[in-house]
Structure formats: C-alpha cells, structure tokens
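Residues in the sequence shown are numbered from 5 upward in steps of one, following my numbering.
C-beta atoms are modelled at their ideal positions from N, C-alpha and C, and glycine is treated no differently.
Shown next, in structure tokens, is the structure this report addresses.
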Amino acid sequence: MRKALTVLAIFFVIAASGLTEITRKTIINSDGSYKVNFFVDKKEIASELYDKNEKLVKNNGKISDRIVKEYYPNGKLKGEWSYKNGKREGVSKIYYNNGKVACEYAFENNEICGLYKELYESGNLKSKAIYFDGKLNGIGKTYYENGKTKSESFYKDGKGEGWHKEYGENGKIKLEFFYKNGKRDGPYKIYNENGSINQNGTCKEDEGMIRFFDEDGKLTEECAYSNGMKNGVYKLYYKSGKVRVEGTNKDGVETGKYKVYYEDGTLKQDGLHINGDENKTYKIYNNGKVVEEGSYKNNLLDGIVRFYYDNGQPSEECNYKTGKLEGKYRLYGKTGESCEVGFYKDGKKNGKFESYWKGKLNEVGVYRNSKKEDVCKCFDQYGELKEEKYYKNGKLEGETSNYCDTNGEYSVETYKDNKLISSKKGNILYKILKTDLPLTLLLLTVVIVVITVIVKWSKEYIVGRKKKVVKKMKRTYTKKSKIKKRR
5 MRKALTVLAI FFVIAASGLT EITRKTIINS DGSYKVNFFV DKKEIASELY
55 DKNEKLVKNN GKISDRIVKE YYPNGKLKGE WSYKNGKREG VSKIYYNNGK
105 VACEYAFENN EICGLYKELY ESGNLKSKAI YFDGKLNGIG KTYYENGKTK
155 SESFYKDGKG EGWHKEYGEN GKIKLEFFYK NGKRDGPYKI YNENGSINQN
205 GTCKEDEGMI RFFDEDGKLT EECAYSNGMK NGVYKLYYKS GKVRVEGTNK
255 DGVETGKYKV YYEDGTLKQD GLHINGDENK TYKIYNNGKV VEEGSYKNNL
305 LDGIVRFYYD NGQPSEECNY KTGKLEGKYR LYGKTGESCE VGFYKDGKKN
355 GKFESYWKGK LNEVGVYRNS KKEDVCKCFD QYGELKEEKY YKNGKLEGET
405 SNYCDTNGEY SVETYKDNKL ISSKKGNILY KILKTDLPLT LLLLTVVIVV
455 ITVIVKWSKE YIVGRKKKVV KKMKRTYTKK SKIKKRR
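Written as structure tokens, this is what we have:
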C-alpha cells in the first residue's frame, strides 16, 4: 500500500512539473556566441551554448516538448520558442517591449529553416531572408521604415555570391559590389546622391585584407578584414600613392587613434575615434601647428571647440551642443586680448555681448535669438560714451543719442521700425519724410532742407555783419564829431 502511494505521489509531481512554465535567460558574449539557461520556478534545469552562427556547441540537460518563454526585466514577454524532443522545432517569435513582434522565424531539427522576418515597431517589414539547414540561401533584403529597399544580396550556403546593392531612402542606388564565395572579389561602384558615379573600380579580399582600386587600377583603400567585417588597420590613399588617412577598425567601426595627411606627407589632422567616425576628438594642423581642435558626438560638434592663430594664441573659443553653439563664446586678438565676449543658446546669440578694441570696451548690447534688443552702447578709444541706440526685435526703435565731442554735444535721431523719422542737433529739428517715397523725392527733400539751413544761416550772418558795420560806422562818426568840436 505504501509503495502504491509513493508511486502515485511521484506521478502527481511529474504531472505538475509538466504543467509548470519553463523560462530562459540569454547571456550574449562579445564574440557573438551566446548561452541560454533554462529555469523552472527559478531553478536552473538545463543550458545550451551557441556560436555566433546559431550552431549548438554544447548542451546540458534536455527541454521537454513545450513553448519556452523569456521575459524583459519589467515582466513583459521578450520571446517564445517551441521545443520538441529537446530541440527547437517550429515557429519562434521575438517581441518589442511594447508587445509587438520584432522577429519571426522557424526551426527544423534545431536549424533555422524557411522565411526569416524582422519588423519595425510600426509593423513594417525591416528585413527578410530564406534559410535552408541553418544557412542563408537566395535573395536577402533589408528595408527602410517607409517600405523602400535598403539593401539586397544573393547568398549561397550562407555566403555572399554575386552582386550586393545598397540604396538611399529616396530609392536611388548608393553602392554595389561583387561577392565570390563569400568574399568581395570584382567590380564595385559608389554613387552620388544624384545617381552619377562617384567612384568605381575593383576590390579584392584575400589573406585577411580587402583592397579597393580606382578605374585606373590605382590603390585607393586597404583594410584588414575578418569575420565579415573590417577589423584592424586601414589606409586611404591619394592618386599619387601617398597615404591620405590611416586608422583602426573594430567589428566594422572606426576606433582609436587616426591621422589625416596632406599629399606632401605633413600631418593635417589627428584624433581619437570613440565608437565610430561620428564620435571623435580631433585636431587640425597647418604647417605643423594646431589651428583647430574639438570633438564630435553622433556626427555633430559637441563640447568646446578652439581655433588658433599661427603664433599659437587662441583666436576663438566656443561651446557646441548637438551641432549648435551653446554657452559662452570668446573671440581673441593675436596677442591674446579679448575682442568679443557673449553667449549663445540653441545656435543663436542670446544675452549680453561685448566687443573690444585694443583691450578697451567698444560696444555692449543685448541679443535675443541673434537680434539686438533694448539699449546698445558704443564707446570711443578713450572709453567715453559715443552713442546709444535702442532696438526692438533687431530693428532701431526710439531715440538714438550720438555724442559728438567731449563737451557733451550730441544729436538725437528718432527711429520707428528701423526707419529714421526725425533728427535733432542743437536747436534745429529736421523732419524726415517716410522712406517709402521715391528715392529722388527723398533726396530732393534733404537737399531743400540743407539749402534752407544754409540760407537761414547766411541771412543771419549777413544781418549780423551789417549790424556790426553800422555800429562801427556810428562809433567812427561820433569820434570824428568830437575831434571837430575840440578844434
């Protein structure tokens, strides 16, 4: 009886475990291989090790016939795989965090077989290919999210064979090259955006190196190649055969130090690639001296950028954020003195800007979105206030004071919407006609005003002169009369 109860208990445990969900966790290695650990109630029951080509290298334990699932840390379904007799069999799916399908493919006897599809989160097709016995065969294509073809290749037993073509989002071809037995071997073409050929020639991949030649057969580029990607040192050449650029690739991405040369062999630029050409620090040289240095992030200027004079003194210093000027900006003279100081925001002048001449303040004003705003003051070489102007949205508005000399004499001009409407100097007020009148009429008016002033001044001068003459004559006559009386 006890034996029967024991057997019955074991039966129920096995049955219960058969209904328990099996989950998996994937650990991806740097070389592309990965390990999968399988769990029941958080207890590991099996593991599998695959190479980068999805080939099973080693397994420990066996998975029963069921669907195995993997989850994101937030608990959402990441993927599901069908197993039969301890091997992957049937349809498998990978999901985005939002629950939409990211990838869909099938297995046969643990090998990928049939149609392989990748999808964008929008549901549009991202790529498709055909597998037989775990190897790519036939045409493989990738797509932009707008549905247009991004690339197309032909494969045979997992290796590229024949033409490979890449296209822009506008549908125009960007480049094409030829594969033979999985290696680039034969003609290639690189196209401009308008469809014309930018570069063509032949390339040859052998002994871990791939070389590109122009249509005249001259070497244009060579780089180390392994695992289907650029890995190691690369060099670009001028037509003369001199090295133009040299650097290092890792898994198809530029990394580490790089140098750019003028054709005479002198250094033009050097720097450091940080995970690709779009992320780097750089220095540009002229005659062996640094003329510019800065950094890029996501292919946009980011951080402090400095420019230099030939004597090594900084000529300009500014800060960039995502390709736009941001923060403090300085312009220097050759001897190191400040010439301009201000601030930028989102690529535009914003805030106080000061300009200097020979170390002395020359102008100070405020900008808003690169337009002058409020008062702008100008000073002479002695530091004395020379002019005050008022701006609104980049246009002169209101009274502008012009200080003529050290005695404090000044003229006042009044503007509206950047148009001069009146001008006053001393006690004379000139009314300026609207500038929307014909230019000839405006000039004629100005001439008339000037003539009127001259005539008025002349009359005053003549009248004053006459009065002086008459007064002098009277004095002379009086004097003569007195002399006669004495006699």
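Check, Outcome
"Cys382 bridges to which residues according to DSSP?", "Glu367 and Glu391"
"Per the DSSP calculation, Cys500 is bridged to which residue(s)?", "Residue numbering for the chain in the displayed model covers 5 to 491; residue 500 lies beyond these limits and cannot be assessed."
"Please look up how many angstroms separate the CB atoms of Lys29 and Glu58, rounded, as I've assumed it's under 8 Å.", "18 Å between Cβ atoms; not a contact."
"If we ignore side chains and look at the alpha-carbon of each, how far apart do Tyr336 and Lys362 end up?", "11 Å"
"Once you ignore the five residues that flank Gly351 on each side, which residues in its own chain have a CB closer than 6 Å to its CB?", "Lys328 and Leu329"
"Starting from Asn323 and walking both ways along the beta strand (DSSP E), at which residues does that stretch end?", "Pro318 to Lys325"
"Quick check for students: name the residue ranges of the beta strand (DSSP E) that lie wholly in the stretch 84-139, counting only runs of 3 or more.", "94-99, 105-112, 118-123 and 129-136"
"Quick test of your reading: Asn366 and Lys338, contact by CB under 8 Å. State the CB separation rounded to the nearest angstrom.", "Their Cβ separation, rounded to whole angstroms, is 17 Å, which puts Asn366 and Lys338 out of contact at 8 Å."
"Taking Cβ to Cβ, would you say Asn185 is nearer than 8 Å to Lys163?", "yes"
"Only counting the same chain, and skipping five residues up and downstream in sequence, which positions put a Cβ closer than 7 Å to that of Val105?", "Lys97, Tyr99 and Leu123"
"Cβ atoms of Leu129 and Tyr159: under 8 Å apart, would you say?", "no"
"Quick one: Cα of Tyr312 to Cα of Tyr371, how far?", "26 Å"
"Please report the residue range of the beta strand (DSSP E) in which Tyr407 lies.", "Gly402 to Tyr407"
"Could you give the residue range of the beta strand (DSSP E) that holds Glu170?", "Lys163 to Tyr171"
"Taking DSSP as the reference, what is the three-state secondary structure of Ser37?", "coil"
"Measuring only from the beta carbon, is Tyr419 closer than 7 Å to any heavy atom that is part of the ligand ZN?", "Looking at this structure, you won't find the ligand ZN or any other ligand, since it has none at all."
"Let me know if Gly275 comes out buried or exposed under the rule of 16 or more other beta-carbons within 10 Å of its beta-carbon.", "buried"
"Measure the alpha-carbon distance for Ser427 versus Asp384 and round it to whole angstroms.", "22 Å"
"Can you name the start and end residues of the beta strand (DSSP E) that Gln355 belongs to?", "Note that residue 355 is Gly in the sequence shown here, rather than Gln. Here the beta strand (DSSP E) through Gly355 covers Gly355 to Trp361."
"Mind checking whether Lys152 and Tyr183 have CB atoms under 8 Å apart?", "no"
"Tell me which residues share the same chain as Lys66 and place their Cβ nearer than 6 Å to its Cβ, disregarding the 5 neighbours each side in the sequence.", "Gly90"
"Kindly identify the DSSP beta-bridge partner or partners of Pro77.", "Paired residue(s): none; Pro77 is not in a bridge."
"Just checking my contact of Tyr241 with Asn235 at CB under 8 Å: how many whole Å lie between their CB atoms?", "Not really, about 20 Å apart at Cβ, beyond 8 Å."
"Do you know offhand how far Lys222's Cα is from Gly175's?", "31 Å"
"Buried or exposed: which applies to Glu417, given that a residue is buried once 16 or more other Cβ atoms fall within 10 Å of its Cβ?", "buried"
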